[in-house]
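**Q** One line per chain: the protein sequences are Y and A, in this order.
For the first sequence, position 481 (counting from the first letter as 1) is numbered 481 according to this note's numbering, and the numbering increases by one without interruption.
Every number in this note's numbering is 1000 more than the matching position in the second sequence, counting from 1.
Below are the structure tokens for one structure; questions will follow.
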Amino acid sequence: MSLDSKIPSGPMALRWSKHKQDSKLINPKNKRKYTVIVVGSGLAGSSAAATLSELGYKVKCFCFQDSPRRAHSIAAQGGINAAKNYQNDGDSVHRLFYDTVKGGDFRARESNVHRLAEESVNIIDQCAAQGVPFAREYGGGLANRSFGGAQVSRTFYARGQTGQQLLLGAYSALNKEVARGGVEMHTRSEMLEVVVVDGHAKGIITRNLMTGKIEAHAADTVLLCTGGYGNVFYLSTNAMGCNVTATWRAHRKGAYFANPCYTQIHPTCIPVSGDYQSKLTLMSESLRNDGRIWVPKNKADIGKPAAQIPESDRDYFLERKYPSFGNLAPRDISSRAAKDACDAGLGVGPGGRGVYLDFAEAIGQFGQKTIAERYGNLFDMYEKITGESGYKQPMRIYPAVHYTMGGLWVDYNLMSSLPGLHVLGEANFSDHGANRLGASALMQGLADGYFVIPTTIAPYLVTQTPGSVTTSHPEFTKALEDAQGRTNKFLNVKGKRSVDSFHRELGLLVWDKCGMARDKAGLTEALKRIPELREEFWSNVKIPGSGAAANPELEKAGRVADFMEFAELLCHDALDREESCGGHFRTEHQYDDGEAKRDDENYCYAAAWEHTGDLSKPKLNKEQLTFEEVHLSVRSYK
Amino acid sequence: MSLLNLQLKVWRQNQGQPGHFQDIQALEIPDHASFLEMMDIVNERLIQDGGDPVAFDHDCREGICGMCSMTINGIAHGPEKATTTCQLHMRKFRDGDTIWVEPFRAKAFPVVKDLMVNRSAFDRIQQAGGFVTVRTGAAPDANSILVGKEVADAAMDAAACIGCGACVASCKNASAMLFVSAKAGQLNSLPQGQPEKNRRTLGMVRQMDKEGFGNCTNQYECEAACPKEISVRWITKLNRDYALASAKEAFVGVKEHAEGGD
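Shown next, in the form of structure tokens:
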């Protein structure tokens, strides 16, 4: 199948307006006849479900948590970008577009990014009107802060919990529509399968996590808003329940998976403390506005209290290497610089995998009270986890897996290669290229849900007769049987090892061979070991209890089984991409100074992988990326 | 790092059946582990020994999603102030301690299994008015709605509620007043929330009563247990807003689409 990205023609700045103008409309009376399934209730899912319901569509929304408000968007701390230029510092839609394309290391689709930058301003208006308590100045206007990868101050925030506040805004809009009867909400419901009828996604199979009941739901189109796959690494900053199941199941049914190797490592996380560790905790990179990152210059100073190391013996390595961006250098660059320092034996803290994030200077300049106002909850969180105070001594940080830029391939209308299946937010691949800038994930989730899909869903729906497929169709019967069969298969293995032990082993392997730095030998080895581990999983996993009641071990087993398959595709993609760009760093491809070496001549494409039925032989489809506005250049932050 | 040997007394229950406490030894627990990581270790051993692992709710494990919900030694989220269960670390306990672990108990939070409870009543309360009716795309420029910093900061204090239900679990009456007052209070104190203020207040309070939460008798256990330190002064505000809305309803009635403020 050829990839038609359906990018509108004409000047970049006018494409989205033109596309909206050209898109088919459905009259209000007919909208009521269409049913839309939304899987996931994070920023993308909640905003899409609420807005589509406002427009008149019948919406069914599903989440595995006990309330839509708990989706992992809730945990985003720092902020959301928007080209409002309220600071009068020269920001514009074009500049946000430019920064995002460059920040994505020239592997994003320009037209999508421009649309994202255009919609950014509407998001802020929408959220403010909902009562999202953004930070404000004394005059009552909105406040901004600066963030990595930008030289203007365009980030809106709500203390250190911007994600929670934006999600509560979208959740309130969703509640308004649930109350009105436009949205039917299904909580504690996990999607197990996409149902495809005559080549179109027409429904899903779910498991009720309280009763174990497996159910079928039909619709005219399905939206996956199910987030990223960072938990393939086991340890990540994602919530424990985040999983690849929805997108992976869709992939197996015909949706191409694009650029899985673009995984973002976040520079400011709390270092690992032991092998019982279940997740890593991120601290907002907004901390880098006031904190200075350093390691001792001399190995002899490692282990000494930080205060006893004089200024002259400290290496503020980001400020030294990247003088114009300093501690605000983009995430991938900052992460690798920290890894390099630790690889050189200069890391601090237990295990030597940590660098200092020091607020002494900022506290001296602004006072502890101001710093506490800006980041109080982050300092509290750090102290709870480590038992140390960031006010009294420098914090210790180390990079951790945080966000995944890859995802299901979508066209300009956010439709995947499986007709009728739309993919929004982190679950798709389109807007961040090989690296996502800070405060851009919230922007994308809400742009897709509030402003893009409400327009771009219609061109598909007008081609469909509403309600033409119901759950009595044989494909639904078959999908229900398959899902039940898979549940029984898990329970019947009756092996010796817990699901978590397999997940941990897979995660360590993928982190080791396909983490912050990758090479051919390591990836080849991972591709050999993943299928072996998968085989052991299916012959030796132990799942207590039954499928006919709440059973958290069974839920985890389903997710880990899909990670076991997905991990192989991740490594295939990383092996295939013989260049370094953004979150994908191949040690074979770097400049003498250790900077990533991109290969635009051979790899300026999105790799859209097709499932062939043989996990060891996925088929590569390429979408060539063209750069008309932002010219391909080496991404320098020096 | 040191290791702790603990005696757990954990509540076990299947949906719709009576529950009981089970004695579980938790040996050699690293003191840097979080409380939930301690439970992970316990479950891993239960699975190895052919037992039934303890079901509990959890997700983000960074204190913001509000999913984790354990009553530890009689206190919702355990002994540390302003801390969710997932952020409670074992260094706060001593070797040899006996720890009682129970679900968030309330009539309106039925037990699903063991330590998992159903808190969907909170969603229904918010569906009864916890929003500003603004259609996507119909918003004015964000800076055309000015909100003084003090008002914005106060609204943010209320908005910090993570909807975990510790306030309910800690209250002898299982009252949800702290939760409802924070949710209503955030919007009722902002200019964006004024047009629907009365309707919101009446709707949310009545849904709360319908769900079977108890009355508030001003003991303030809720504030002490709240991991986000939501202040009980929001309850005062809700009582005031409710009195005004009820009076207005009695004298002029609250129409389905109310015309506006107080």
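We treat Cβ as the ideally placed atom computed from N, Cα and C, and that holds for glycine.
For Y/Gly-10, tell me which candidate among Y/Ser-2, Y/Ala-439, Y/Asp-22 has the shortest Cα-Cα distance.
**A** Checked all of Y/Ser-2, Y/Ala-439, Y/Asp-22; the closest Cα to Y/Gly-10 is Y/Asp-22.
**Q** What is the rounded straight-line gap between the Cα of A/Lys-1237 and the Cα of A/Thr-1133?
**A** One C-alpha to the other measures close to 22 Å.
**Q** Examine chain A for any beta-carbon lying closer than 7 Å to the beta-carbon of Y/Phe-490, and answer yes or no.
**A** With 7 Å as the cut-off, Y/Phe-490 does not count as an interface residue toward chain A.
**Q** In whole angstroms, what separates the C-alpha of Y/Ile-80 from that of A/Glu-1037?
**A** Each residue's alpha carbon lies about 32 Å from the other.
**Q** So who's on the other strand from A/Met-1070, going by DSSP bridges?
**A** The partner list for A/Met-1070 (beta bridge, DSSP) reads A/Pro-1103.
**Q** Nearest chain Y C-beta to A/Gly-1260 closer than 7 Å, yes or no?
**A** Residue placement at A/Gly-1260 is poorly supported in this model, since its pLDDT is 42, which falls under 50; the coordinates still yield a value, given next. No, no contact with chain Y.
**Q** Give a yes or no on whether the minimum CB-CB distance between A/Gly-1163 and chain Y is below 7 Å.
**A** Closer than 7 Å to some Cβ of chain Y, the Cβ of A/Gly-1163 qualifies, so yes.
**Q** For A/Val-1252, count the other beta carbons within 10 Å of its own beta carbon; 16 or more makes it buried, fewer makes it exposed. Which is it?
**A** Answer is exposed; the Cβ neighbour count stays below 16.
**Q** Could you name the residues of chain A that Y/Tyr-450 contacts, counting a contact when the two beta carbons are closer than 9 Å?
**A** Thr-1136, Gly-1137, listed in chain order.
**Q** Report yes or no: is there a C-beta of chain A within less than 7 Å of the C-beta of Y/Gly-141?
**A** Y/Gly-141 counts as touching chain A.
**Q** With a threshold of 7 Å between beta-carbons, can Y/Lys-213 be considered close to chain A, or not?
**A** Judged by the 7 Å Cβ criterion, Y/Lys-213 is not in contact with chain A.
**Q** Identify, in the order they occur along the chain, each residue of the same chain with its Cβ nearer than 8 Å to the Cβ of Y/Val-101, setting aside the five sequence neighbours on each side.
**A** So the qualifying residues of the chain are Ala-108, Glu-110, Val-113, Gly-433, Phe-627, Glu-629, Val-630.
**Q** Using the three-state DSSP reduction, which class does A/Cys-1161 fall into: helix, strand or coil?
**A** A/Cys-1161: coil per DSSP, three-state reduction.
**Q** Report buried or exposed for Y/Ser-334, applying the criterion of at least 16 other Cβ atoms within 10 angstroms of its Cβ.
**A** Y/Ser-334 should be labelled buried.
**Q** Please state whether the Cβ-Cβ distance between Y/Glu-177 and Y/Phe-451 is less than 7 Å.
**A** Not a contact, by the Cβ cut-off of 7 Å.
**Q** Which stretch, first to last residue, makes up the alpha helix (DSSP H) that contains Y/Trp-648?
**A** Outside the shown range of chain Y, which is 1 to 638, sits residue 648 of chain Y, and nothing can be said about it.
**Q** Quick one: grab the DSSP three-state call for A/Leu-1146.
**A** Looking at A/Leu-1146 - three-state DSSP - the assignment turns out to be coil, as it is neither helix nor strand.
**Q** Three-state secondary structure (DSSP) at Y/Leu-409?
**A** It is Trp, not Leu, that sits at residue 409 of chain Y in the sequence shown. It is coil, neither helix nor strand.
**Q** Tell me the DSSP bridge mates of Y/Trp-609?
**A** Its beta-bridge partners are Y/Phe-257, Y/Leu-620.
**Q** Considering only DSSP beta bridges, list what Y/Pro-68 is partnered with.
**A** None; Y/Pro-68 has no bridge partner.
**Q** Can you tell me the Cα-Cα spacing of Y/Tyr-563 and A/Asp-1059, whole angstroms?
**A** Residue identity differs from the one stated: residue 563 of chain Y is Phe in this sequence, not Tyr. Taking the straight line from one Cα to the other gives about 18 Å.
**Q** Along chain A, in chain order, which residues have C-beta atoms closer than 8 Å to that of Y/Ala-75?
**A** By Cβ distance, chain A contributes Cys-1060, Glu-1062, Ile-1064, Cys-1065.
**Q** For the stretch 374 to 383 of chain Y against the stretch 417 to 434 of chain Y, do three or more pairs of beta-carbon atoms, one drawn from each stretch, fall closer than 8 Å, so that the two count as touching?
**A** At 8 Å Cβ cutoff, the stretches do not touch.
**Q** Identify, in the order they occur along the chain, each residue of the same chain with its Cβ nearer than 7 Å to the Cβ of Y/Ser-2, setting aside the five sequence neighbours on each side.
**A** Taken in chain order, the list of residues that qualify is empty.
**Q** Please list, in chain order, the chain Y residues whose beta carbon lies closer than 9 Å to that of A/His-1077.
**A** Within chain Y, no residue comes near A/His-1077; the closest Cβ sits about 12 Å away, beyond 9 Å.
**Q** Which bits of chain Y does A/Pro-1030 rub up against, with CB to CB less than 7 Å?
**A** Chain Y residues near A/Pro-1030: Gly-274, Tyr-276.
**Q** What does the Cβ neighbour count give for A/Leu-1027, buried or exposed, with the cut at 16 atoms within 10 Å?
**A** The residue is exposed, with fewer than 16 neighbouring Cβ atoms inside 10 Å.
**Q** Is DSSP giving Y/Leu-437 helix, strand or coil here?
**A** In this structure, Y/Leu-437 counts as coil in the three-state DSSP scheme.
**Q** Identify the continuous alpha helix (DSSP H) that holds Y/His-503 and give its terminal residues.
**A** 499 to 514 is the extent of the alpha helix (DSSP H) around Y/His-503.
**Q** Between Y/Leu-575 and Y/Leu-533, is the Cβ-Cβ spacing less than 7 Å?
**A** No, Cβ-Cβ distance for Y/Leu-575 and Y/Leu-533 is not below 7 Å.
**Q** Does DSSP put A/Arg-1091 in a helix, a strand or coil?
**A** Helix, per DSSP.
**Q** Is Y/Thr-626 helix, strand or coil by DSSP?
**A** If DSSP states are grouped into helix, strand and coil, Y/Thr-626 belongs with coil.
**Q** What are the start and end residues of the alpha helix (DSSP H) that includes Y/Cys-604?
**A** Neither: Y/Cys-604 is in no alpha helix (DSSP H) and is coded neither H nor E.
**Q** Pull out every residue of the stretch 1005 to 1027 of chain A whose Cβ sits closer than 8 Å to any Cβ of chain Y, in chain order.
**A** Residues passing the 8 Å Cβ filter: Asn-1014, Gln-1015.
**Q** Please work out which residues of its chain come closer than 6 Å, Cβ to Cβ, to Y/Gly-354, disregarding the five sequence neighbours upstream and downstream, and give them in chain order.
**A** So the qualifying residues of the chain are Pro-271, Gly-347, Val-348, Arg-396, Tyr-398.
**Q** Name the chain Y residues that come within less than 9 Å of A/Leu-1244, Cβ to Cβ?
**A** Residues of chain Y passing the Cβ test: none, with the nearest at roughly 19 Å.
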